[in-house]
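A.B. asks:
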Amino acid sequence: MQQQHKGRKAIAQTLGALLASFAAATTAHAAAAWLVTHGPVEGQELPAFPPSFNSRFPNNKFEVFVYSDAFTVGDQQACHAIVGVSPRGSYQFPIHHYSTTQTRPGKSLTVGEAHKFALECVNEAIRNMLSDSLDRVYAPYPAKQDK
0 MQQQHKGRKA IAQTLGALLA SFAAATTAHA AAAWLVTHGP VEGQELPAFP PSFNSRFPNN
60 KFEVFVYSDA FTVGDQQACH AIVGVSPRGS YQFPIHHYST TQTRPGKSLT VGEAHKFALE
120 CVNEAIRNML SDSLDRVYAP YPAKQDK
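Taken in order, the sequence shown gives residues 0 to 146; the numbers are from this note's numbering.
(1) Quick one: what does DSSP say A47 is sitting in, helix, strand or coil?
(2) Using alpha carbons as the reference points, say which of S67, V63, P49, K60 lies closest to L147.
(3) Suppose you measure from the CA of A24 to the CA of P39; what does that come to, to the nearest Å?
(4) Could you tell me the boundaries of the alpha helix (DSSP H) in which H79 lies?
(5) Counting only beta-carbon separations shorter than 9 Å, does E44 have a partner in chain C?
(6) Write down the C-beta distance between V65 and T36 rounded to the nearest angstrom, noting that I regard them as a contact closer than 8 Å.
(7) Express the C-alpha separation of H96 and C147 in angstroms, rounding to a whole number.
(8) Within 10 angstroms of the Cβ of V110, are there 16 or more other Cβ atoms? Answer buried if so, exposed if not.
(9) Is the separation between the beta-carbon of E123 and that of Q101 shorter than 9 Å?
Printed below as a string of structure tokens:
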């Protein structure tokens, strides 16, 4: 009987630890930025935004817009990325946005190479955005006036 009690206690402790870990992971995920991506780069590939960014732009009100592309033009490979903050669910291009374009010699890109190059551009655009004052990152669209 005593051994059965120890087994239940161990299971309860393990279950408690798992639930606590799950709660912490859920809380951390809920605080993460909401990402809307256009192009080959997906949100799960991007590094986490710092807590100061996430508290300034909570994911229930704002989304991080991410556009990416990589392509070839003649004998040059190019990538382009644009990132910015928009109201969540607004489908608006961010007024104040950060972009980067890179080029390098090369005639063609495989799908994997294009994806990796686009990710480099997105990460650079995100670094540009995060290096700016958070007060400058977001600009709301002007209110529509009735005519």
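We treat Cβ as the ideally placed atom computed from N, Cα and C, and that holds for glycine. Please read all numbers here as calculations on a predicted model, not as lab measurements.
C.D. replies: Answer, in terms of the structure:
(1) In this structure, A47 counts as coil in the three-state DSSP scheme.
(2) As displayed, the chain neither begins before 0 nor continues past 146, which places residue 147 out of reach and without an answer.
(3) At A24, the pLDDT of 35 sits below 50, so the modelled position is not reliable; the number obtained from the coordinates is stated separately. Just so you know, the alpha carbons of A24 and P39 end up roughly 27 Å apart.
(4) Segment 75-86 is the beta strand (DSSP E) holding H79; no alpha helix (DSSP H) there.
(5) Of the protein chains in the structure, only one exists, and it is not chain C.
(6) V65 to T36, Cβ: 5 Å. Contact.
(7) Since the first residue of the chain shown is 0 and the last is 146, residue 147 is not available in this structure.
(8) V110 should be labelled exposed.
(9) Less than 9 Å divides the Cβ of E123 from the Cβ of Q101.
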